[in-house]
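Chains as they are written, first to last, in full-length UniProt numbering: chain A, 1 to 211; chain B, 1 to 89; chain C, 1 to 407; chain D, 1 to 968.
Note sheet for the following structure.
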Amino acid sequence: MTVLNKVESETAAPETATAARHSPLEHRAAELERRSTSGARGVRLHEEPFLSQINLRTPPGGVESSAVSDSLGLPLPTVNRVSGDEHHAVLWLGPDESLIVAPDGRAEHLLRTVRDAQRGGSGSAVDVSANRTTLRLSGPAAREVLEKLCSLDLHPRSFGPGDCAQTLLGRVIVVLWQLDREPGYRIMVRCSFADYLVDLLLDAMAEFLDG
Amino acid sequence: MLLVRCPWCGDRDEAEFRYGGQADVDYPADPHQLDDAAWGEYLFVRANPLGSFNERWVHTAGCRRWFSLVRDTATNEMSPDIPRRRESR
Amino acid sequence: MVADGNTPAPPERLWRNPEPKRNYDVVIVGAGGHGLATAYYLARNHGITDIAVVERGWLAGGNMARNTTIIRSNYLLDASAALYDHALRLWEELPEELEYEFHFSQRGVLNLAHTEQEVRDARRRAFANELNGVDAEWLTPDEIAEVCPILDTSPNLRYPVLGATYQRRAGIAKHDLVAWGLARKCDEMGVDFIQNREVTGFLTDEDRVVGVRTDKGDIGAGRVGLAAAGRTTLLTDTLGLRLPLQSHPLQAMATEILEPVHPCVVMSNHVHVYTSQAHKGELVLGAGIDTHNGYAQRGSVHVVENQLAAAVELFPVFARAHLLRTWAGTVDVTPDASPIIGPTPYENLFVNCGWGTGGFKATPGAGWVFAHTIATGAPHPLNEPYGMERFTTGALIDEHGAAAVAH
Amino acid sequence: MMSSSNPNRLNASVRPGRIDRTRTIHATVDGRAVPGRPGDTLASAMLAGGDIEVGPSIQRGRPRGVFSADCTEPNALVQRLDGDCPEPMLPATEIELQDGLRVETLSGVGWLSEQRDTAGYDKKFVHSDVVVVGAGPAGIAASLAAARGGARVMLVDQHRELGGMLLDGQAHIAGHPATEWIGRAARELAENEQVRVLTRATALGCYDHNYLLIAERRADHPDAPPSPTIRQRLWHVRAKQVVLATGAHERPLVFADNDRPGVMLASAVRSYLNRHAVLPGREAVVFTTSDSAYSTALDLLGTGARVPAIVDTRPEPPTRLVEQVRAAGAHVVTSAAVVATGGEHRVSGVRVRGIDGNGSLTEWSAEFPCDLLAVCGGWNPAVQLFAQSGGAVRWDPVVAGFVPSGAGGRSARVVGAARGTYDLAGCLAQGFASGAEAATLSGFRTAPPPVPQVDGDRQASRPRPVWLVPDESRSPEECTEHFVDQQRDATVADIHHALGTGMRSVQHVKRYTTISTGLEQGKSSGVNAVGVLADALSAGSPGEVGTTTFRPPYTPVPLALFAGRTTGRLYDPVRTTPMHRQHVEAGAVFEDVGQWKRPRYYPRGNEDMHAAVLRECSAARTGVAVQDVSTLGRIEIVGSDAPEFLDRIYTNGFAKLAVGKARYGMMCGADGMVLDDGVSMRLAEDRYLMSTTTGGAAKVLDWLEEWLQTEWPELDVYCTSVTEQWAAVAVVGPDSRTVVGRLAPDLDVSAESFGFMRFHETVLVGGIPARISRVSFSGELAFEVNVARWYGQALWEATMTAGSDLDITPYGTEAMHVLRAEKGFVIVGQDTDGTVTPVDLGMDWAVSKHKDFIGKRSLSRPDLVRQDRVQLVGLLPTDTTTLLPEGAHLVEPDVSRRPPVPMAGHVTSSYHSAALERTFALGLISGGRQRIGEVLCAPVGGRDVEVEITSPVFYDPEGARRDGPEQG
Ligand SMILES: Cc1cc2nc3c(=O)[nH]c(=O)nc-3n(C[C@H](O)[C@H](O)[C@H](O)COP(=O)(O)OP(=O)(O)OC[C@H]3O[C@@H](n4cnc5c(N)ncnc54)[C@H](O)[C@@H]3O)c2cc1C
Ligand SMILES: NC(=O)c1ccc[n+]([C@@H]2O[C@H](COP(=O)([O-])OP(=O)(O)OC[C@H]3O[C@@H](n4cnc5c(N)ncnc54)[C@H](O)[C@@H]3O)[C@@H](O)[C@H]2O)c1
Ligand SMILES: Cc1cc2nc3c(=O)[nH]c(=O)nc-3n(C[C@H](O)[C@H](O)[C@H](O)COP(=O)(O)O)c2cc1C
Ligand SMILES: [Zn+2]
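This is the structure we're talking about:
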């Protein structure tokens, strides 16, 4: 068990406040459901709101990074890779930058843990949980949908489960993370772009709508 | 669409980058020691060669790191940067 | 131009193809529009006709062959308005003076504003134009729709057109014909055009330039005027003279020939495209520079895609016009996006460069003041502000910064 | 032999063709029905029906006919009328016949329709180890070889079927008809998961670093679904290796009246015969300079057509060929050329003369009747894609064409007819070799397969190009009926005319004559022009003249395809805050600020902007008002050197700012000009939260990173964008304390406990964690409440509830602008442009004397210390109701109005003020601060508005309102 999934009730936001939260794509949930398709050329899109996210900066290879990694119970990822699993993960964002992802409600605790580990050294840890929301795009046609918007080589020979990249979908910068072979992807996007990105993705998915 | 090699993320399309012009134009150690002409040159004058050019790019849509590479301005052939000459201060 | 009868009229001579002499009073490097206009006004205004215009390729084959031919003078800053409007007034005289039809068409240029800030900037420019004696009008979307019915002025656009400045005297001209008309008159007055000869450096006597080196031998010169656009620094570098210029690809494109649909010129800075329909009928479109330096005369295709997206967004009727050809030039851009015209630290060496994306419109004006500068050794009042000292003093002519209007 | 509705259609027993004879489909051309079969092109269907003539020529109105069977077609251009939107200038040779297809013929000019194009266009981005362009024998072979090595292969061809020129002929491979080989190859490729075959897909361009653009037509052909979502798709392909197997284009011949309908490329005749089972003429003279047209003659003879003569410019064509055609019933005239054609709307006969070794006509002559003249002036390797991205070409005298220059490097990957290899075995061998090599170089080592036995085109004997068949009576200068570019109606006379002006360069000639500037972009006209020019200039070879520049696209494509999905709603991202829908519900009118949609004002009832803004402003000054400020940029700056870093970035000091406090800061570019501004808070010793303008957020983050990474890597500082981590409202006005007090019950909001430029963290009603600061952009008592973005909606709701009894008023950007202008606060980008320094703005107080910062050195440059620089001042129109237009310039009252009128400066901001009960403005005026009290004129709309220069602070200059009303 890593610190990422250790439950500590006191760190979760108060009940009342949790209810007051609204994710950027909440109002489109039904639409996303409707526009998702199954079958051999199916593709599904939905939001995974409120993931805990910490932006981590740490000098590569230094004592700080091993301290942070120890505190998280996960190795820091190598280039373009994700360390951990879909629930608890650290994503490579740059040579000294990673994104820690954990379930809802973990941010404060994580922040404290990481900052403790960083104390005395160089680096930073910033809560960015509300900065981006997460879309999940999956189904046999998911890659084909992304290929309409993204210039990365997403062919299984080049990009697979556990790979991640910051890149452009259309004109929007995202963190793209492949979860599994189906293929399923997470697309993490800054909240103000979420509506537009969904428009873009739904448009790209139109070709795969039944009929 | 040029193919730019980010030293961190690997090969990416030019559209993910911003161009930063000539590499290795150091900020003067003490700008106030420079006369107006020398300061003006720092501000505005950059090399503009035909052929090999040591230039900077920043991976804006990716890792946001600055890096430099050598590109032939006539053919767009690229190769990695020669090591940066200036010591880190 | 093209013969369309059975018995073609005998061709009018445009230029001889002489062997160069060993010496000239003036050597001009570059037979682009500016080199040609400079030679023309040196002869016409200053009586200097012992001139060689040395060109590395074919006459007017640089940016002169590649530009989207927009001519306007509605610039914000006094120095720019004065220079460009001088040029526009010369354009108005030139067809008659050159006795050569080059399809100068004052069909009006619309500069669109898509945000409130662009509206402020555009109106500021129009107010300044008025006081500078440059014709300018501010049009509302409804008025724009009357001038250019094919433009989408509906409020539903992602960036609706909120208004536009309109300069009626502005327009386009057929670039190649302009060059040939100028060359013809120059040739008549005795100017030698030396094509396929590249200037590779200078002959100097201490701090004095006394001629040019070329790939096929030296040519002596009393004075040398550089009008080499994108390749200027390659020459000034040989003297250790560092100019604040960066050479970039700038792309443009044309469609097939179409019945007239587009009555004017439209420029949009915000979505970044400019369009007109050339005399022959093709739509001509252009946009911003490729951001990287380059001499390849080709650019990246995403730049083309962005500008065509903008074009189709503004002009839905363009959707099924076909992209026939794309091309690029090499433009020399200064930090303040204004040209450098004037003497250099080298005696008898003068530069005219840095016109970037907007020097076609200035062709006669640039030639006029550069000829004056070369002939007299000192700038004409119109190009006084355009010396290279401004990068030392900070007295930039920052049309870009001040009004964010592309040239 | 022929069917009645399609008189020129050959029986299946004679030629099956690649058409579906079970179905008849109809197109309409100029209102007339044209029947045909699936598999036909519009041109082949027209020819099947006996129609060869198309629209007359552009300049001279000469009758013209279908000339080719491919994208080089100069004449048969049509405007497509069916579908949702007319489309101009399509070659009938490239349009696949379809039921409902409706066109009108054109004369070299198309037209655009106002009908909206509602069809779909999209893009796709893929990568491939090996991309092969062209699916003729060479391309197929390359794909097979590369795919067998395991590479990811993409094979594209512009036609509907694989096979290339093999489909035009009757070659055998490994003892079977070539079509069987093609079929097997197609199956093998289809079954390989790593191979993607795209047909009806034209490679438009091959750009730097192996980037290809490919246009795929997914509609407008008989195999397409009825209404496909996507009409055309633009593939963006990044390849490791590219194999260009683009084939060759046959050249026309230049002789008098060579444009008469019925004159047709020999390869086109063959293509119509074999692909479409259409016989374009029954009595066909063949006029050639090389071997390939003999196949045309043989095919014609094989279908029962008559071939009165094969006119060959060569003195000694290969005996093998001569005998073959003689055996089939035709005879060859050697050392001869067609010098004239007869007929009105269709060729009825040709006149042939002898032509000697120098290209001069001899006395010998003959005439032959015919209704078709098949011409072959040789072949132009299709080097377009190769040359576009900088590949050099050279003249090859053996193949008589421009071929890729050099053997290695990129040019090695040009194969088959595209590099001048015209024999089938050679094409296959090169294809296999290049495919294997490309796969190997991209990491999949493999060897080329053995080349099968073939009986197709053999190594050709040397062609004898004749650039200009002399006129019987006129000099070249007078050859006004020798067409070089039929589409542009340009002739040999035009070329000579150009030469007569002094032009020597092929580039000048192109521009003077317009040759090669039409749809075919020189694919057929270009080299002939070069040849004519070379002759005229007595150049040793066309190579000395050179080509014009090859440019993308390879064939024309609709602009909409390049736009793709990037139109309308998807043109550019729309950024919204979490409170966006609440603004919409409140009836806000929005403004575009960068990509953001921000409420500009919230009209109530029938209010216009003016009324709404006055109301919103007065709420802020007298009661309480609220604005969504979530769009402001926010950057967390962390590290032991953060204080030092901010000191270098900001013009004013931040190192000494106490934890818990905030400060306004200004930053400049290295040139000393204002870049951005905002308030930064010190969260901890080593932690700041910087805010930026809405439009400046990304730019500022980039700016900080640039300095950190490239100049000051030694600084221990990390920047993280948190713009979107936060949602925020500004609560403004005398009653704001009450509202914020209710919102944040745990917080002591009294002036004593919560001072100006301080911030506190607290929990709002409902348990929402918040950071509240006391900053003011209006001069009023004001609070900025920040919460995690997902609470944004709740925050807005809570704020509105907390202020409901106080008539809390939402306000937009416009009121915000007025409020700040009343206080003389600048908006970067509105009151500044790229040429204004902090000193110009009168903000010397924010410019540190003690420390260096970016831009400081620039402020002492001569031009920046001029006394007459523009300075920010207030402007009050003498008439209190007159609103100065923003952008208006000011002039001295007594100055002459003859242009150019000297200008003193301009109005940057101008508003009606509810608080001042008058209009007012800010402006940048030359030496303005010394001129306070003076009067200037603003000439606007033909009259002068008198304006007094004032201090830029109009409202509450003492700052008395900042802490709000006395409490208690
Ligand atoms: C795509 C594009 C669109 C444009 N659109 C517009 C527009 O709409 N309106 C507008 O006003 N401007 C426009 N411009 C800018 C305009 O074309 C240029 O500013 C202008 O042409 C520059 O002056 P010039 O004609 O003398 O340059 P050029 O024509 O480039 O002349 C320079 C000449 O110098 C020659 N030369 C260079 N070095 C040497 C040497 N060493 N020896 C001998 N000869 C040499 C070159 O071969 C060239 O012929 C555009 C430019 C481009 C590329
Ligand atoms: N006897 C002769 O003189 C002569 C001359 C030319 C060709 N040939 C014969 O023609 C064949 C040549 O074979 P090959 O494979 O080199 O060429 P090919 O002409 O058979 O095939 C080229 C293919 O590439 C396609 N193509 C060209 N440009 C394209 C683009 N930009 N995008 C998409 N598709 C494009 C064409 O439509 C064509 O299908 C051989 O059989 C050869 O014998 C003979
Ligand atoms: C205003 C203008 C109009 C043009 N119209 C056409 C055209 O109708 N057809 C064409 O093929 N090229 C056209 N061109 C492009 C030229 O063919 C050519 O691409 C350009 O001069 C650059 O030269 P290059 O491509 O040879 O390098 C046009 C160019 C300009 C500047
Ligand atoms: Zn990177």
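Glycine is no exception: its CB is placed at the ideal position from the N, C-alpha and C atoms.
Residue interval of the alpha helix (DSSP H) (run including residue i)
i: C:Ala37; result: Gly33 to His46
i: D:Thr622; result: Met609 to Thr622
i: D:Ser44; result: Leu42 to Ala48
i: D:Glu706; result: Ala697 to Glu706
i: D:Leu300; result: Ser292 to Gly302
i: D:Asn380; result: Here D:Asn380 belongs to no alpha helix (DSSP H); instead the beta strand (DSSP E) covers Trp379 to Pro381.
i: D:Asn274; result: Ala266 to His276
Terminal residues of the beta strand (DSSP E) in which residue i lies
i: D:Leu537; result: Where D:Leu537 is concerned, there is no enclosing beta strand (DSSP E), given that its DSSP letter is neither H nor E.
i: D:Lys510; result: Here D:Lys510 belongs to no beta strand (DSSP E); instead the alpha helix (DSSP H) covers Val506 to Thr513.
i: D:Thr813; result: Per DSSP, D:Thr813 belongs to no beta strand (DSSP E); it is in the alpha helix (DSSP H), Thr813 to Glu822.
i: C:Glu282; result: Glu282 to Ile289
Residue i Cβ short of 6 Å to ligand 2 heavy atom set
i: D:Tyr554; result: yes
i: D:Gln324; result: no
Reference residue i, options the options, closest by Cα
i: A:Arg186; options: A:Ala130, A:Leu135 and A:Asp180; result: A:Leu135
i: A:Arg115; options: A:Arg35, A:Ser71 and A:Arg181; result: A:Ser71
i: D:Ala534; options: D:Leu189, D:Leu468, D:Pro877 and D:Val732; result: D:Leu468
i: B:Gly51; options: B:Pro7, B:Trp8, B:Ala15 and B:Gln22; result: B:Gln22
i: C:Ala287; options: C:His302, C:Gln307 and C:Thr165; result: C:Gln307
i: A:Asp96; options: A:Gly61, A:Gly39 and A:Ser52; result: A:Gly61
heavy atom of ligand 1 below 6 Å from residue i C-beta
i: D:Lys823; result: no
i: C:His34; result: yes
beta-carbon residue i near ligand 4 non-hydrogen atom, thresh 6 Å
i: B:Cys6; result: yes
i: B:Asp62; result: Just to set this straight, residue 62 of chain B is Gly in the shown sequence, not Asp. Yes, since a heavy atom of ligand 4 falls inside the 6 Å radius drawn around the Cβ of B:Gly62.
Buried or exposed by the 16-neighbour rule on C-beta atoms within 10 Å, applied to residue i
i: D:Ser896; result: exposed
i: D:Arg569; result: exposed
i: D:Glu761; result: exposed
Residues near residue i by beta carbon distance below 8 Å, same chain, minus five either side
i: A:Val145; result: Val43, Leu137, Leu201, Ala204, Met205 and Phe208
i: D:Glu780; result: Ala620, Arg621, Val732, Gly733, Pro734, Ser736, Leu819, Arg961, Arg962 and Gly964
Cβ-based neighbour list, residue i, same chain, cut-off 7 Å, excluding 5 preceding and 5 following
i: D:Val826; result: Thr832, Leu841 and Leu872
i: C:Thr200; result: Arg213, Thr214 and Asp215
Same chain, Cβ closer than 6 Å to residue i, neighbours up to 5 away in sequence not counted
i: B:Leu3; result: Asp11
i: D:Thr288; result: Asp312 and Cys376
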